[in-house]
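Colleague: In order, the protein sequences belong to chains D and B.
Numbers 244 to 444, taken from the working numbering, label the letters of the first sequence in order.
Numbers 57 to 330, taken from the working numbering, label the letters of the second sequence in order.
For reference, the structure I am asking about is given below.
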Amino acid sequence: MQKNCYNNGRRDFIRKASFTAALYAIPSALVHAVPIDLITPGPAPKERIKLLINGKEIAAEVDIRITLLDFLREQLGYTGTKKGCGMGHCGACIIHINGKRMNSCQTLAIHNKSNSIVTIEGVAKGEDLHPMQEAFIKCDAMQCGYCTPGQIMSGIACIRDGRAGSREEIQRYMAGNICRCGAYQNIVDAISQVKASGKTV
Amino acid sequence: MEKNLPLINEGPRADALDKVTGKATYAAEHRVPNLAYGVFVCSTIAKGTIQSIDESVALKSEGVIDIISHKNCPSIPGYATQLPDGTRNPKQWWGMKVLHDNQVRFYGQPIALIVAETVEQANAASLLLKVSYQKETFETDFNLKKVITNIISRKSAIKPAILNQEIISGIGNIYADEALWRAKIHPEIICEDLSTDEIKKLINSAKAVMKSAIKAGGTSFDEQYKNVNGESGYFSRSLSVYGRAGQPCSRCATLIRRIAFANRSSHFCPRCQR
């Protein structure tokens, strides 16, 4: 399959699929610098990946161009993680990869082989909500709720990374999470409360 | 009179639990069978005409179902300038007409939609569309001369003219009243009767009043108009006419008058604004 995909002279270069895949994932408006002749139409290669999602081992065959976000949402049905801008501006898609927060629209599924991923679906322990989730409800840190999963994942990372020392510090750390409803004050309240409670996040 | 119902209910938002656990559903969470995905190809010039779109390569790309551009986009009733009988369409849509004609009005304007079976396929095919343009020089600077010529040729009153966002954009009702007061121009004066210098003074007053309003954080009359940190703007304290009907003008002490005008209220000093 891979053979038909690209021009002859480029085959070896292209086999390092990650680079091409990165090209494909960039919104079309931004990539006009790429010479079109480099790419000819054909079936895109697929790859098998294995990774850990919320503690569960998942094996799947994926389009090499699929972002981790689209893989989670479209292929696996983990729709708790939201797609906002698809460009790393809004933070709605933030998840934890090996314990670090990350915009899942900015990484490809194939780059996450054997990584451990935690999404909003994985932070509660069964019926028991995570302290951050409880605080978000208590502080009413949302309106429409679309940015909330990303805010919560980022908020947890904020405390874990030791960046919740003051409201200003929280605001700075949370700058990558946009809330169109403007619930910022309550979001900062929620994170401060969890931090003050001393609970393990 | 009936007792007012409280606006704020006790307890958490009804769907708060769903929202913090990721279970709340939005449009994109609904699974539709045989869903196709669309990706826009956007213009790479700021102004001009699309000369040609070559879809041949992109159409052959894996998974592509169709490519929609102004060449084949179904006509949308609200976009037509004329009704079938040749008269003007009174309900014409004045916003952006998507994929409607070959005109490019801004950089990044959607000019074609690639429809494919997956978003990855659509993204890939969007790189294969070959578009050629006839470029034109764009103008983004504010052209004072042009605006003055436009206003001075009008037979309407000056206030609706400066509120007309097609002539000059950005002036709202409060700042229009303030600018007119600063320039000493009555809101109901006909544009034609004003001099070039008066209009120039008016526009410069509008600029000045908005500059100081931005410095003060805007004009907050109630809870709704606050910034994201919950702070009010303080410009309402510096207003000279708006919302001051019956109070003395700070220039001449004549009482400020309020009139209903074009569905809005206008405030002015009957003595120093003529």
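The beta-carbon is built from N, C-alpha and C at its ideal position, and this holds for glycine as well.
Keep in mind it's a predicted model, so treat the numbers as computed, not measured.
For glutamate 370 (chain D), would you say it is in contact with chain B, using Cβ-to-Cβ distances shorter than 8 Å as the test?
Modeller: In the first sequence, the residue the question calls residue 370 (chain D) occupies position 127. By this cut-off, glutamate 370 (chain D) is not an interface position.
Colleague: Is there a Cβ of chain D sitting closer than 8 Å to that of tyrosine 189 (chain B), yes or no?
Modeller: Here the question's residue 189 (chain B) lines up with position 133 in the second sequence. Closer than 8 Å: no.
Colleague: To the nearest angstrom, how far is the alpha carbon of glutamate 370 (chain D) from that of glycine 78 (chain B)?
Modeller: Sequence index remark: in the first sequence, residue 370 (chain D) carries index 127 (1-based). Sequence index remark: in the second sequence, residue 78 (chain B) carries index 22 (1-based). Roughly 14 Å separates the two Cα atoms.
Colleague: Report back the beta-carbon spacing between cysteine 424 (chain D) and glutamine 394 (chain D) to the nearest angstrom; my notes put them in contact at under 8 Å.
Modeller: Here residue 424 (chain D) refers to the residue found at position 181 when the first sequence is read from its first residue. Here residue 394 (chain D) refers to the residue found at position 151 when the first sequence is read from its first residue. Their Cβ separation, rounded to whole angstroms, is 11 Å, which puts cysteine 424 (chain D) and glutamine 394 (chain D) out of contact at 8 Å.
Colleague: Examine chain D for any beta-carbon lying closer than 8 Å to the beta-carbon of glycine 78 (chain B), and answer yes or no.
Modeller: Position 22 of the second sequence, counted from the start, is the residue given in the question as residue 78 (chain B). It does; some Cβ of chain D falls within 8 Å.
Colleague: Please compile the residues from chain D whose C-beta is within a distance smaller than 8 Å of the C-beta of arginine 69 (chain B).
Modeller: Against the second sequence, residue 69 (chain B) aligns to sequence position 13. Correct list: Ile380, Asp383 and Met385.
Colleague: What residue from B:Ile315, B:Ala316, B:Phe317 and B:Arg300 has the CA that sits closest to alanine 309 (chain B)'s CA?
Modeller: Taking the second sequence and counting its residues from 1, one reaches residue 309 (chain B) at position 253. Answer by Cα proximity: B:Arg300.
Colleague: At which residues does the alpha helix (DSSP H) containing leucine 115 (chain B) begin and terminate?
Modeller: For the purposes of this step, residue 115 (chain B) is taken as residue 59 along the second sequence, with counting starting at 1. Where leucine 115 (chain B) is concerned, the enclosing alpha helix (DSSP H) stretches over 112 to 116.
Colleague: Using CA coordinates, which residue listed in B:Lys116, B:Thr137, B:Ile259 and B:Asn158 is at the minimum distance from cysteine 129 (chain B)?
Modeller: By 1-based counting over the second sequence, the position of residue 129 (chain B) is 73. When only C-alpha atoms are compared, the closest one is B:Asn158.
Colleague: How about serine 397 (chain D) and asparagine 429 (chain D): do their beta carbons lie closer than 8 Å?
Modeller: Residue numbering aside, residue 397 (chain D) sits at position 154 when the first sequence is read from its first letter. Residue numbering aside, residue 429 (chain D) sits at position 186 when the first sequence is read from its first letter. No. Outside cutoff.
Colleague: Between proline 374 (chain D) and chain B, is there a C-beta pair that is closer than 8 Å?
Modeller: Position 131 of the first sequence, counting from 1, holds the residue named residue 374 (chain D). False, the Cβ-Cβ gap to chain B never drops below 8 Å.
Colleague: Would the beta-carbon of isoleucine 101 (chain B) fall within 8 Å of that of tyrosine 163 (chain B)?
Modeller: By one-based count along the second sequence, residue 101 (chain B) stands at place 45. By one-based count along the second sequence, residue 163 (chain B) stands at place 107. Closer than 8 Å, so yes.
Colleague: Since valine 97 (chain B) and isoleucine 167 (chain B) are thought to touch, with beta carbons under 8 Å apart, how far apart are those beta carbons, to the nearest angstrom?
Modeller: Sequence index remark: in the second sequence, residue 97 (chain B) carries index 41 (1-based). Sequence index remark: in the second sequence, residue 167 (chain B) carries index 111 (1-based). Between isoleucine 167 (chain B) and valine 97 (chain B) the Cβ distance is about 6 Å, and since that is below 8 Å, they are a contact.
Colleague: DSSP has histidine 242 (chain B) in a bridge; who is on the other side?
Modeller: For the purposes of this step, residue 242 (chain B) is taken as residue 186 along the second sequence, with counting starting at 1. None; histidine 242 (chain B) has no bridge partner.
Colleague: List in chain order: all unbroken alpha helix (DSSP H) runs of 4+ residues lying wholly within the region 158 to 240 of chain B.
Modeller: DSSP assignment within the region 158 to 240 of chain B yields the following whole alpha helix (DSSP H) runs of 4 residues or more, N-terminal first: 175 to 182, 200 to 208, 214 to 219 and 229 to 238.
Colleague: Does DSSP classify arginine 415 (chain D) as helix, strand or coil?
Modeller: For this step, residue 415 (chain D) is matched to residue 172 along the first sequence. Three-state result, arginine 415 (chain D): helix.
Colleague: Counting along the chain, where does the alpha helix (DSSP H) carrying valine 431 (chain D) start and finish?
Modeller: Numbered from its first residue, the first sequence carries residue 431 (chain D) at position 188. Its alpha helix (DSSP H) spans residues 427 to 440.
Colleague: Suppose the cutoff is 8 Å on Cβ atoms and the five residues either side in sequence are ignored; what does the same chain contact list for aspartate 383 (chain D) look like?
Modeller: Here residue 383 (chain D) refers to the residue found at position 140 of the first sequence. Around aspartate 383 (chain D): Ala426 and Asn429.
Colleague: So with Cβ pairs under 8 Å, would you call cysteine 323 (chain D) a contact of chain B?
Modeller: If you number the first sequence from 1, residue 323 (chain D) lands on position 80. According to the sequence provided, residue 323 (chain D) is glycine. The question's cysteine does not apply to it. It does: the Cβ of glycine 323 (chain D) has a partner Cβ on chain B nearer than 8 Å.
Colleague: Comparing the C-beta of proline 286 (chain D) with each C-beta of chain B, is any distance below 8 Å?
Modeller: Working through the first sequence from its first residue, we reach residue 286 (chain D) at position 43. Chain B places a beta carbon closer than 8 Å to that of proline 286 (chain D), counting this residue as a contact.
Colleague: When we look at the beta-carbon of glutamine 221 (chain B) and count the other beta-carbons within 10 Å, is it buried (16 or more) or exposed?
Modeller: Here residue 221 (chain B) refers to the residue found at position 165 of the second sequence. Label assigned to glutamine 221 (chain B): exposed.
Colleague: If you follow the alpha helix (DSSP H) that cysteine 401 (chain D) is in, where does it begin and where does it stop?
Modeller: Start at 1 with the first residue of the first sequence, and residue 401 (chain D) comes out as number 158. Note, cysteine 401 (chain D): alpha helix (DSSP H), 391 to 403.
Colleague: Thinking just about the alpha-carbon of each residue, which of B:Pro243, B:Ile123, B:Arg144 and B:Trp149 is nearest to the one in cysteine 328 (chain B)?
Modeller: Numbered from 1 along the second sequence, position 272 holds the residue referred to as residue 328 (chain B). Looking at the Cα atoms, B:Pro243 is the closest of the given residues.
Colleague: Spell out a yes or no on whether the region 291 to 304 of chain D and the region 313 to 327 of chain D are touching, meaning 3 or more CB-CB pairs, one atom from each, closer than 8 Å.
Modeller: yes
Colleague: Spell out a yes or no on whether the region 375 to 390 of chain D and the region 69 to 88 of chain B are touching, meaning 3 or more CB-CB pairs, one atom from each, closer than 8 Å.
Modeller: The way I'd put it, the region 375 to 390 of chain D does touch the region 69 to 88 of chain B; three or more beta-carbon pairs between them come closer than 8 Å.
Colleague: With 16 other CB atoms within 10 Å as the buried threshold, where does glutamine 165 (chain B) fall?
Modeller: On the second sequence, position 109 is the one that residue 165 (chain B) refers to. With 16 or more other Cβ atoms within 10 Å, it is buried.
Colleague: Measuring straight from C-alpha to C-alpha, what distance separates arginine 307 (chain B) and serine 131 (chain B)?
Modeller: Here residue 307 (chain B) is taken as the residue at index 251 of the second sequence, counted from 1. Here residue 131 (chain B) is taken as the residue at index 75 of the second sequence, counted from 1. In a straight line, the C-alpha of arginine 307 (chain B) is about 57 Å away from that of serine 131 (chain B).
Colleague: Roughly how many angstroms lie between the CA atoms of glutamine 138 (chain B) and leucine 155 (chain B), to the nearest whole one?
Modeller: As a position in the second sequence, residue 138 (chain B) is number 82, starting the count at 1. As a position in the second sequence, residue 155 (chain B) is number 99, starting the count at 1. Those two C-alpha atoms are separated by around 18 Å.
Colleague: Mind checking whether valine 113 (chain B) and leucine 169 (chain B) have CB atoms under 8 Å apart?
Modeller: Counting from 1 along the second sequence, the entry for residue 113 (chain B) is found at position 57. Counting from 1 along the second sequence, the entry for residue 169 (chain B) is found at position 113. The answer is no: Cβ separation not under 8 Å.
Colleague: Answer yes or no: does any C-beta atom of chain D fall closer than 8 Å to that of lysine 75 (chain B)?
Modeller: Counting from 1 along the second sequence, the entry for residue 75 (chain B) is found at position 19. Lysine 75 (chain B) counts as touching chain D.
Colleague: Of the residues B:Arg313, B:Lys215 and B:Glu85, which one's Cα is nearest the Cα of glycine 323 (chain D)?
Modeller: For this step, residue 323 (chain D) is matched to residue 80 along the first sequence. Checked all of B:Arg313, B:Lys215 and B:Glu85; the closest Cα to glycine 323 (chain D) is B:Glu85.
Colleague: Cβ of valine 175 (chain B) less than 8 Å from any chain D Cβ?
Modeller: For the purposes of this step, residue 175 (chain B) is identified with residue 119 of the second sequence, where counting begins at 1. At least one chain D Cβ lies under 8 Å of valine 175 (chain B).
Colleague: Fully enclosed by the region 107 to 155 of chain B, which alpha helix (DSSP H) runs are 4 residues long or longer?
Modeller: 112 to 116
Colleague: Quick one: is alanine 172 (chain B) near chain D, going by C-beta distance under 8 Å?
Modeller: Here residue 172 (chain B) refers to the residue found at position 116 when the second sequence is read from its first residue. Chain D contact via Cβ: absent.
Colleague: For glutamate 287 (chain B), count neighbouring Cβ atoms within 10 angstroms of its own Cβ and tell me buried if that reaches 16, exposed if not.
Modeller: On the second sequence, position 231 is the one that residue 287 (chain B) refers to. Exposed: under 16 other Cβ atoms inside 10 Å.
Colleague: Interface residues of chain C around glutamate 85 (chain B) at Cβ under 8 Å?
Modeller: Within the model displayed, chain C is absent; protein chains D and B are what it includes.
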